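Following: one structure in structure tokens, then a few remarks.
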């Protein structure tokens, strides 16, 4: 039907025409980065037009774009500790104009991995974006930082930790991330002894908290990732939130109390080294940096604090024409000290070496790793004997391509308890040889590989280790003194004043391990003597797991003494 020579528009055609009209109007009023820069007083290279829904949608898609295969979910389904709710991730629009996508409602945390180019295991830095614990800046304090770290030869993991206002849950997420990265170091091509954290604003506060709260996780063990240390090897809090006491917690305007820091940031000598950067005009207050740096130095921790006359807050890597523009250059120079690969130190053995902390909260290898700056590679297993050492080494070889620098073997006490005979180091036979042009009769010896004896087991294990790790240094640790232990009706172990069923005492097995040093050109540390641990004395109960039921396994205090004995004997090869 025609009216006035015009075709009557259908509803569909009308909607299409309206959309075209809206797009035309939007493009007509679209702003250039220069115009946005002038309005917002921000460098044009960081600006974008967000004045229309279409522009905002396009920016969100552009800024969020990344390979989903690079995302690693932190927690198995149904096992997220301190989970607040199931709200989906929210992508917010208020900072799009400065090319920064902000996210919130993080209830299923994950990290996105950015690998550095080149061969060899890389150091890795966990990135903690800021946002007041309410939201997280994905680009300005996340992906842009990752790309910068990649140029320095470090891989990076941008952690989208839980928010809003889930501070303890956020710490759980950092602890879990570090454990996953160390467990899966071979998968990610990283050095488990060079795992650091960098945080911005609230993320810097979280970095400080993770660096001072690594001895105990805030959640129950989920899987083997939680058997790895969650201590960062270095920390970089950038324009951090304050860590001090308020004069009046109910009235922030009344300021802060002196140089004291709150108990949730327990700085001590084992807090990782730090690089801190902040400007005097930061509304989060420069006293944060001054106070933290002072406490670190007082504890004997290496700390580098950079204080700038101006720069404000929330600048990330962006150069905005202020003094803080140079912080990343100074941070890059500081990071260079972590460019060198850490020592690869492998630990094999029984329950005293087991990663699950049998009878203790921290093992001797954990102390050594903290003191000498490496991430222990632990493959010892509860209950195992010298006959299992080669299999433990095979498990390491399955996970790692590199030859370890140092291999520790701490075994023998279970061979004693299982009544394994001592045996002989060699099998001797008659032979004839040419000596000075004459054929003479001599004795010839060959290493005994009798798997039913202790010496044969040590020979078999060391033969495999020597062939598999030709460049490694080997350290054999003797068994320690044995106290009484009961682990149930069918596992009762008398103290060392009683022999095993062969009439042999633990001292005989200690001597055999000491002899092995000469047979295999390996360093021996006599832990039995040098640790000073003596479980048959009631005075030494604090150094063992339980005075009534388990004087076999050292406590953390006992493990520290073992670590001290090792450090005194072979500390030079761990440096």
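In our numbering, the protein residues as written are 306 to 880.
Here a beta-carbon is modelled for each residue, glycine too, at the ideal position from N, C-alpha and C.
Treat the numbers as computed from the prediction; the structure is a model and nothing was measured.
Residue range of the beta strand (DSSP E) that includes residue i
i	result
residue 374	That residue, residue 374, is in no beta strand (DSSP E); it is neither H nor E in DSSP.
residue 417	415-419
residue 768	Taken as a continuous stretch (DSSP letters only), residue 768 belongs to no beta strand (DSSP E), being part of the alpha helix (DSSP H) at 759-773.
residue 828	828-830
residue 781	778-782
residue 785	That residue, residue 785, is in no beta strand (DSSP E); it is neither H nor E in DSSP.
residue 431	427-433
residue 541	539-543
Residues that residue i bridges to, as DSSP identifies them
i	result
residue 750	733
residue 855	790, 851
residue 401	Beta-bridge pairing links residue 401 to no other residue.
residue 442	407
residue 744	739
residue 846	Paired residue(s): none; residue 846 is not in a bridge.
residue 797	791
residue 396	408
residue 549	566
Beta-carbon proximity check, residue i vs residue j, cutoff 7 Å
i	j	result
residue 360	residue 354	yes
residue 575	residue 675	yes
residue 763	residue 670	no
residue 481	residue 538	no
residue 870	residue 770	no
residue 543	residue 588	no
residue 406	residue 368	yes
residue 419	residue 475	no
residue 856	residue 788	yes
residue 805	residue 724	yes
residue 535	residue 484	yes
residue 529	residue 428	no
residue 660	residue 532	yes
residue 621	residue 398	no
residue 786	residue 839	yes
residue 570	residue 879	no
residue 673	residue 874	no
residue 451	residue 704	no
residue 717	residue 761	no
Residue range of the alpha helix (DSSP H) that includes residue i
i	result
residue 361	358-369
residue 338	338-345
residue 878	861-879
residue 819	811-825
Beta strand (DSSP E) runs contained entirely in the stretch 557-623, provided each spans 3 or more residues = With a minimum length of 3 residues, the continuous beta strand (DSSP E) runs that stay inside the stretch 557-623 are 561-566, 579-584, 608-613.
task = Decide yes or no for the touch test of the stretch 603-621 against the stretch 822-836: beta carbon pairs closer than 8 Å, at least 3 of them.
result = Cβ pair count under 8 Å is below three, so no.
message = If we require 3 or more residues per run, which beta strand (DSSP E) segments fall completely within the stretch 682-742?
response = Those beta strand (DSSP E) runs which fall completely within the stretch 682-742 and span 3+ residues are 711-715, 731-740.
message = Tell me whether the stretch 603-611 and the stretch 574-591 touch, counting them as touching only if at least three CB pairs, one residue from each stretch, are closer than 8 Å.
response = Yes, the stretch 603-611 touches the stretch 574-591.
inquiry  = Check whether the stretch 539-550 and the stretch 584-603 touch, using three or more Cβ-Cβ pairs below 8 Å as the test.
reply    = Yes, since at least three Cβ pairs between the stretch 539-550 and the stretch 584-603 fall closer than 8 Å, the two stretches touch.
request  = Just list the beta strand (DSSP E) runs in the stretch 487-516, keeping only unbroken ones of 3 residues or longer that don't cross its boundaries, in chain order.
outcome  = Qualifying beta strand (DSSP E) stretches, in chain order: 495-505.
request  = Evaluate contact between the stretch 375-384 and the stretch 413-431, counting only Cβ atoms and requiring at least three cross-stretch pairs below 8 Å.
outcome  = With a cut-off of 8 Å, the stretch 413-431 and the stretch 375-384 count as touching, because enough Cβ pairs lie within range.
key: Sequence ranges, alpha helix (DSSP H) only - wholly within the stretch 627-687, length at least 4   = DSSP runs (the alpha helix (DSSP H)) wholly in the stretch 627-687: 632-640, 669-677.
task = Run through the stretch 446-481 for me and flag every whole beta strand (DSSP E) of 3 or more residues, listed as ranges in chain order.
result = Fully enclosed beta strand (DSSP E) runs of 3 or longer: 460-465.
task = Would you check if there are 3 or more beta carbon pairs closer than 8 Å linking the stretch 741-758 to the stretch 769-781?
result = Contact between the stretch 741-758 and the stretch 769-781 is absent, because fewer than three Cβ pairs lie under 8 Å.
query = Any chance the stretch 461-478 sits against the stretch 437-452, with 3 or more Cβ pairs inside 8 Å?
reply = The way I'd put it, the stretch 461-478 does touch the stretch 437-452; three or more beta-carbon pairs between them come closer than 8 Å.
task = Kindly confirm or deny that the stretch 847-855 and the stretch 643-655 touch, where touching means at least three C-beta pairs closer than 8 Å.
result = The stretch 847-855, when compared against the stretch 643-655, does not touch it at the 8 Å Cβ threshold.
request  = Determine contact between the stretch 659-669 and the stretch 631-646, defined as no fewer than three beta-carbon pairs at a distance below 8 Å.
outcome  = Not touching, per the Cβ criterion.
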